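S.K.: Protein chains in written order, with my numbering: chain A, 29 to 179; chain B, 6 to 754. By construction, the Cβ of each residue, glycine as well, lies at the ideal position given by its N, Cα and C atoms. Predicted, not measured: the structure shown is a model, and the values here were computed from it. A single structure is presented below for examination.
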Amino acid sequence: MSIEVNGEAHVLDVPPTRRLLAVLRDDLALTGTKHGCGEGACGACAVLLDGLPVASCLLPVAAAEGLAVTTIEGLSRDDGSDLQGAFVAEDALQCGFCTPGQIVSATALLASVARPTRDEIRAAMAGNICRCGAYPKIERAILRASGQDVA
Amino acid sequence: MKPRLVKSQREMEGRFEDVWVLVDEEDEVETWPDDAELGIVGSPTIRQDGPVRASGAARYTVDVQLPGMLHALVLRAPLARCRVTALDVDAARAIAGVRAAIGPDAPLTIEGESPLTAEPAWAGDPIAVVAADTPEAAVAGIAALAATFEPLAPLGLEAGLAEQRFTEEPRENVRGEPDAALEGADVRVELTFETPAHVQSPLEPHAAVARWEGDTLTAWVSTQGMFDARRELARRFALAPEQVRVISEYIGGGFGAKQGAGVEAVIAAELARATGRPVRLALGRHEEQVVGGRRSWTRQTVTLGARRDGTLEAIELAAVVDMGVGGWVFPVAEPALSLYACPNVRTMVFPVRTSLRAQNAFRAPGVVEGVTVLEQAIDDLAAELGIDPLDLRRRNHVDRDQASGLPYSSKRLLDCYDRAAELAGWESRAALREPQPDGLLRGMGCATQIWWGGGGPPAHATVRLDAEARALVTTGIQDIGTGTLTSARMIAAEELGLPLDRVFARGGDTLPNVYSPVSGGSMTTPAVMPAVRSAAGKVRRILLSLAADVLEIGVADLDLSDGRIRSRDGALDVDVVEVTGKLGNATIDGSGARGPNPDGFRVNTFGCQIAQIAVDPGTGVVTVERVVAVHDVGRIVNPLGASSQAEGGVLQGIGYALSEELVVDPTTGYPVNGHLDDYKVPTIADVPEILVDFVNTPDPNLPNLGAKGLGEPPIVPTAAAIANAFAHATGRRASAIPLTPARVLEALA
Numbered sequence: 029m030s031i032e033v034n035g036e037a038h039v040l041d042v043p044p045t046r047r048l049l050a051v052l053r054d055d056l057a058l059t060g061t062k063h064g065c066g067e068g069a070c071g072a073c074a075v076l077l078d079g080l081p082v083a084s085c086l087l088p089v090a091a092a093e094g095l096a097v098t099t100i101e102g103l104s105r106d107d108g109s110d111l112q113g114a115f116v117a118e119d120a121l122q123c124g125f126c127t128p129g130q131i132v133s134a135t136a137l138l139a140s141v142a143r144p145t146r147d148e149i150r151a152a153m154a155g156n157i158c159r160c161g162a163y164p165k166i167e168r169a170i171l172r173a174s175g176q177d178v179a
Numbered sequence: 006m007k008p009r010l011v012k013s014q015r016e017m018e019g020r021f022e023d024v025w026v027l028v029d030e031e032d033e034v035e036t037w038p039d040d041a042e043l044g045i046v047g048s049p050t051i052r053q054d055g056p057v058r059a060s061g062a063a064r065y066t067v068d069v070q071l072p073g074m075l076h077a078l079v080l081r082a083p084l085a086r087c088r089v090t091a092l093d094v095d096a097a098r099a100i101a102g103v104r105a106a107i108g109p110d111a112p113l114t115i116e117g118e119s120p121l122t123a124e125p126a127w128a129g130d131p132i133a134v135v136a137a138d139t140p141e142a143a144v145a146g147i148a149a150l151a152a153t154f155e156p157l158a159p160l161g162l163e164a165g166l167a168e169q170r171f172t173e174e175p176r177e178n179v180r181g182e183p184d185a186a187l188e189g190a191d192v193r194v195e196l197t198f199e200t201p202a203h204v205q206s207p208l209e210p211h212a213a214v215a216r217w218e219g220d221t222l223t224a225w226v227s228t229q230g231m232f233d234a235r236r237e238l239a240r241r242f243a244l245a246p247e248q249v250r251v252i253s254e255y256i257g258g259g260f261g262a263k264q265g266a267g268v269e270a271v272i273a274a275e276l277a278r279a280t281g282r283p284v285r286l287a288l289g290r291h292e293e294q295v296v297g298g299r300r301s302w303t304r305q306t307v308t309l310g311a312r313r314d315g316t317l318e319a320i321e322l323a324a325v326v327d328m329g330v331g332g333w334v335f336p337v338a339e340p341a342l343s344l345y346a347c348p349n350v351r352t353m354v355f356p357v358r359t360s361l362r363a364q365n366a367f368r369a370p371g372v373v374e375g376v377t378v379l380e381q382a383i384d385d386l387a388a389e390l391g392i393d394p395l396d397l398r399r400r401n402h403v404d405r406d407q408a409s410g411l412p413y414s415s416k417r418l419l420d421c422y423d424r425a426a427e428l429a430g431w432e433s434r435a436a437l438r439e440p441q442p443d444g445l446l447r448g449m450g451c452a453t454q455i456w457w458g459g460g461g462p463p464a465h466a467t468v469r470l471d472a473e474a475r476a477l478v479t480t481g482i483q484d485i486g487t488g489t490l491t492s493a494r495m496i497a498a499e500e501l502g503l504p505l506d507r508v509f510a511r512g513g514d515t516l517p518n519v520y521s522p523v524s525g526g527s528m529t530t531p532a533v534m535p536a537v538r539s540a541a542g543k544v545r546r547i548l549l550s551l552a553a554d555v556l557e558i559g560v561a562d563l564d565l566s567d568g569r570i571r572s573r574d575g576a577l578d579v580d581v582v583e584v585t586g587k588l589g590n591a592t593i594d595g596s597g598a599r600g601p602n603p604d605g606f607r608v609n610t611f612g613c614q615i616a617q618i619a620v621d622p623g624t625g626v627v628t629v630e631r632v633v634a635v636h637d638v639g640r641i642v643n644p645l646g647a648s649s650q651a652e653g654g655v656l657q658g659i660g661y662a663l664s665e666e667l668v669v670d671p672t673t674g675y676p677v678n679g680h681l682d683d684y685k686v687p688t689i690a691d692v693p694e695i696l697v698d699f700v701n702t703p704d705p706n707l708p709n710l711g712a713k714g715l716g717e718p719p720i721v722p723t724a725a726a727i728a729n730a731f732a733h734a735t736g737r738r739a740s741a742i743p744l745t746p747a748r749v750l751e752a753l754a
């Protein structure tokens, strides 16, 4: 089996039903993507599959074959994205455990809507739980990263 | 004077104990006055570890991977009470990749009670453990155990109350003559109300990785108390503390649930010793939700007696607490005893034993539950008397702790009421009751916050300044997401006169043996930050003394700020590296210890929140539209981090008020919603406008910084304010939270 992660091809000897999250974390040591619930209910494991956000804890690795997987590590190259800078500047994280998933989901949102409204942000990000409650600042960070007023 | 040991008191979540404190006069620094011109402290500052957390590079306990590491899984009781009738440990050991399987009968090397049992007493009680090369092999090993059970009836709450099946003696606390005062009161109100089991649900579950090297144990533990974990592991494995190193660098939330080593670290270390391999034990999500812990369900009856003018004459509280199999009885009666001036109070707390895990701490344990009910009764009294709810609270304001008779070190609650009312538009509250164009029912409610948060000794810090004028602050802080390491960095930079980027604060490792307390009780800022400042102050004094020698000028004529050493006459202005550069490989070191709090005071935090909500009478859906949170926690070190703490507390309070409730099946005693899709924590779509403000005045009686803790306060009054807004909007009082659509429709029927 071969999958492409962050632009690099990896040939793996794993069962095709192993979840993509387990492959990323345990086989490829890309531990930025988190296991929050294993049930697709929290968003901590979000990665991009050809640019679309998916819950990697539910996805058999075979389903990712032939598609481009992007993880938080892929988004963090070259000092990271404007979005990551905005998360830091707005204090849009506390314990930080959900943050990679938040940034992945927000990256997908900004790729499809350049200047999302608050309602669009809430709709797109509602699948990403932040138990610390950084939500007000996550909203601000996404507005800031998309060049909008953060009053 | 030489350093000396002094007997003092330490407070943790309202429990006081005597401790010996190392007092060194050299630790004493002048408290920054209210109007001090501080360059860093008090300015919004981004997290020191923000970039590493935002990049995914932060390594949490669950991310630790070691060569040869095994994966451990626990077999847990699927019923609240049962007997294990069969367990095939040999079959588990025969599974390919399984390296160890331990059942309840196996002799363990650890001291004390085995965490494994053949007679589970609570839902999720550990029965057996398996360690394997891969997670899949561990799952196969657990399946091969082929455990069978004889079910036993779970211990129910109501039966437990009737049978007086308590985890400890019920507590009664009486002040004055409550019976006579209630009898003679002009007005009485009574409210019975239930609060739910509330699950901390940290996104990183409880987890540990253990590795032995000879007789030394290294344990990565997702814990709020790494020094407690070190002590516990040393005791369990009969080691000296220095033979145990606990690393808790990044912790994916705790909220009170992650104390000490936990069963996870004890089992992981036992399995690692048995197999000679490192072992990781991380709870799955369902395990976390069922056995990670919870704020206990309560049913409270509050009776108030008052004069016509609103003066409280009597408070009576009877609280039934579902303890599970044990745990601390948290201070659910504290609000009745201390929130308002009242000469006659009786509180009774009945800790009922049931078949859930022992209750544990969840952000402001006990006080959230107590405030949630008492503050609704206070609103009922206000309605009965026709007095504005905020005015009623102002009339019963108290400036001393009534249990001890001691004055509060500072209390700016009246300022909180005024500011919250202003931000919320309290004066136009009545207009919300008029028919609304969207057909919703609107209301606004308030509630008062009390908590401790004064911190105290012991807490230590060291500061080391090198030749490049970079300062390393070492603490024993485990930063669970509160940003306390960032605060330590700010305090040290301010005191040292260095820019932030020359200062780095570290914690999360017991190896340096620099102690800080558990990250709980709102005590990290008030306990540790004075020690950081004292340590930095010593380094500053040494540095200025060296500068005086190097620059051939009197030390009294020198000042240090922004990384520059200047003479007071302005003639000299050099980079601090001009002095430190001569150190070569030497460093300037300073250590600081937190001194005792002053005698003769109680140190508490206060605040007021006001919630505005909308209720859809057709669907029963409650929407929180705005929460105003104004708190008095003394000096604010980092306004950016403080506002984040407050918002997070409010949001957890909203979950408690509207959607979070662990539901237990009475037949099995097992929770039915132990997952994140059915245990509903707030999402970004549930967030109202949240307006946060602080009194931000240093506590004049708290030396060094005048800062108190902020972890707990913001969750305390939120649910009560929402419940009071509900009563204001609908004219009805529900009988329980969370205010789910079903409960709302029932209340409106």
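Is residue 181(A) close to chain B? Criterion is C-beta to C-beta, closer than 9 Å.
M.R.: This structure leaves residue 181(A) out entirely; chain A is present only between 29 and 179.
S.K.: Note down, one range per segment and in chain order, each beta strand (DSSP E) of at least 3 residues found wholly within the stretch 490-568 of chain B.
M.R.: If we require 3 residues or more, the beta strand (DSSP E) runs fully inside the stretch 490-568 of chain B come out as 508-511, 563-566.
S.K.: Residues in its own chain within less than 6 Å of residue 11(B) by CB, not counting five upstream and five downstream?
M.R.: The answer, listed in chain order, is 26, 28.
S.K.: Are there three or more Cβ pairs, one per stretch, closer than 8 Å when the stretch 583-599 of chain B is compared with the stretch 458-474 of chain B?
M.R.: Yes: at least three Cβ pairs fall under 8 Å.
S.K.: So with Cβ pairs under 9 Å, would you call residue 68(A) a contact of chain B?
M.R.: Answer yes: the Cβ-Cβ gap between residue 68(A) and chain B drops below 9 Å somewhere.
S.K.: For residue 143(B), which residues from the same chain have a beta carbon less than 6 Å from its beta carbon, with the 5 sequence-adjacent residues on both sides left out?
M.R.: Counting only Cβ-Cβ distances below 6 Å, and skipping sequence neighbours, we find 76, 78, 135, 137.
S.K.: Counting only Cβ pairs nearer than 7 Å, list the residues of chain A close to residue 649(B).
M.R.: Here the neighbours are 119, 122, 162, 165.
S.K.: Taking residue 569(B) as the reference, which of 199(B), 548(B), 89(B), 301(B) has the closest Cα?
M.R.: Considering only alpha carbons, the answer is 548(B).
S.K.: May I ask you to verify whether the stretch 92-103 of chain A touches the stretch 45-64 of chain A, counting CB pairs closer than 8 Å and requiring at least 3?
M.R.: Segments in contact, yes.
S.K.: Kindly give me the distance between the Cβ atoms of residue 82(B) and residue 45(B), rounded to whole angstroms, as I take these residues to be in contact under 8 Å.
M.R.: Actually they are not in contact, since the Cβ atoms of residue 82(B) and residue 45(B) sit about 52 Å apart, beyond 8 Å.
S.K.: Under a three-way DSSP split, which group does residue 115(A) fall into?
M.R.: Residue 115(A) falls in the helix class under three-state DSSP.
S.K.: Would you list the residues sitting across from residue 614(B) in a DSSP beta bridge?
M.R.: Paired residue(s): 452(B), 634(B).
S.K.: Since residue 116(A) meets chain B, which of its residues come closer than 9 Å, beta carbon to beta carbon?
M.R.: The answer, in chain order, is 51, 52, 55, 56, 58, 59.
S.K.: Could you tell me which chain B residues have their CB closer than 7 Å to the CB of residue 38(A), listed as they occur along the chain?
M.R.: The contacting residues do not exist; residue 38(A) stays about 17 Å from chain B at best.
S.K.: Going by Cα to Cα distance, which pick from 566(B), 240(B), 524(B) is closest to residue 253(B)?
M.R.: It is 524(B) whose Cα lies nearest to the Cα of residue 253(B).
S.K.: How is the alpha helix (DSSP H) around residue 390(B) delimited, first residue to last?
M.R.: Element bounds for residue 390(B): 372-390.
S.K.: Within 10 angstroms of the Cβ of residue 671(B), are there 16 or more other Cβ atoms? Answer buried if so, exposed if not.
M.R.: Burial call: exposed.
S.K.: In three-state DSSP terms, what is residue 203(B)?
M.R.: It is a strand residue.
S.K.: Compile a chain-ordered list of the residues in the stretch 510-526 of chain B whose CB is closer than 8 Å to at least one CB of chain A.
M.R.: Hits within the stretch: zero.
S.K.: Are the stretch 138-158 of chain A and the stretch 68-86 of chain A in contact at 8 Å, needing three or more beta carbon pairs?
M.R.: Output reads yes: the stretch 68-86 of chain A touches the stretch 138-158 of chain A.
S.K.: Count the other CB atoms, across all protein chains shown, that sit within 10 Å of the CB of residue 38(B); report buried if there are 16 or more and exposed otherwise.
M.R.: The residue is exposed, with fewer than 16 neighbouring Cβ atoms inside 10 Å.
S.K.: Quick check: the Cα distance between residue 482(B) and residue 496(B), rounded to an integer number of angstroms?
M.R.: Looking at the two C-alpha atoms, the distance is approximately 14 Å.
S.K.: Can you pull out the residues from the stretch 148-161 of chain A whose beta carbon lies closer than 8 Å to at least one beta carbon of chain B?
M.R.: Those would be 149, 150, 151, 153, 154, 155, 156, 157, 158, 159, 160, 161, in chain order.
S.K.: If we count Cβ pairs, one from each stretch, closer than 8 Å, do we get three or more for the stretch 111-119 of chain A versus the stretch 45-58 of chain A?
M.R.: Counting Cβ pairs under 8 Å, fewer than three are found: no touch.
S.K.: Does residue 533(B) get closer than 9 Å to chain A when you measure Cβ to Cβ?
M.R.: No, because no Cβ of chain A sits closer than 9 Å to the Cβ of residue 533(B).
S.K.: What does the alpha-carbon distance come out to for the pair residue 438(B) and residue 383(B)?
M.R.: So the alpha carbons of these two residues sit roughly 20 Å apart.
S.K.: Could you work out which residue in 536(B), 693(B), 58(B) is closest to residue 34(B) when comparing CA atoms only?
M.R.: The option with the nearest alpha carbon to residue 34(B) is 536(B).
S.K.: I'd like the list of long-range same chain contacts for residue 284(B), defined as Cβ closer than 6 Å, with 5 residues on each side in sequence excluded.
M.R.: Result list for residue 284(B): 75, 77, 136, 215, 273, 276, 277, in chain order.
S.K.: Quick one: measure Cβ to Cβ for residue 758(B) and residue 573(B), integer angstroms, because I've assumed they're closer than 8 Å.
M.R.: Within the shown structure, residues of chain B are numbered from 6 to 754, placing residue 758(B) beyond reach of any answer.
S.K.: Within 10 angstroms of its Cβ, does residue 128(B) collect 16 or more other Cβ (buried), or is it exposed?
M.R.: With 16 or more Cβ atoms within 10 Å of its Cβ, residue 128(B) is classed as buried.
S.K.: Which stretch, first to last residue, makes up the beta strand (DSSP E) that contains residue 228(B)?
M.R.: Per DSSP, residue 228(B) belongs to no beta strand (DSSP E) and is neither H nor E.
S.K.: Hey, out of 544(B), 516(B), 595(B), 120(B), whose CA is closest to residue 245(B)'s CA?
M.R.: Selected option, being the one with the closest Cα: 516(B).
S.K.: Taking C-beta to C-beta, are residue 448(B) and residue 270(B) nearer than 9 Å?
M.R.: No, the Cβ-Cβ distance between residue 448(B) and residue 270(B) is not below 9 Å.
S.K.: Examine chain B for any beta-carbon lying closer than 9 Å to the beta-carbon of residue 128(A), and answer yes or no.
M.R.: Closer than 9 Å: yes.
S.K.: List the residues of chain A that residue 206(B) touches, going by C-beta distances under 9 Å, in chain order.
M.R.: Ordered by position in chain A, the residues that pass the 9 Å Cβ test against residue 206(B) are 157, 159.
S.K.: Do residue 234(B) and residue 287(B) count as a contact pair if the criterion is CB distance below 9 Å?
M.R.: No; because the gap between Cβ atoms is not below 9 Å, this pair is not in contact.
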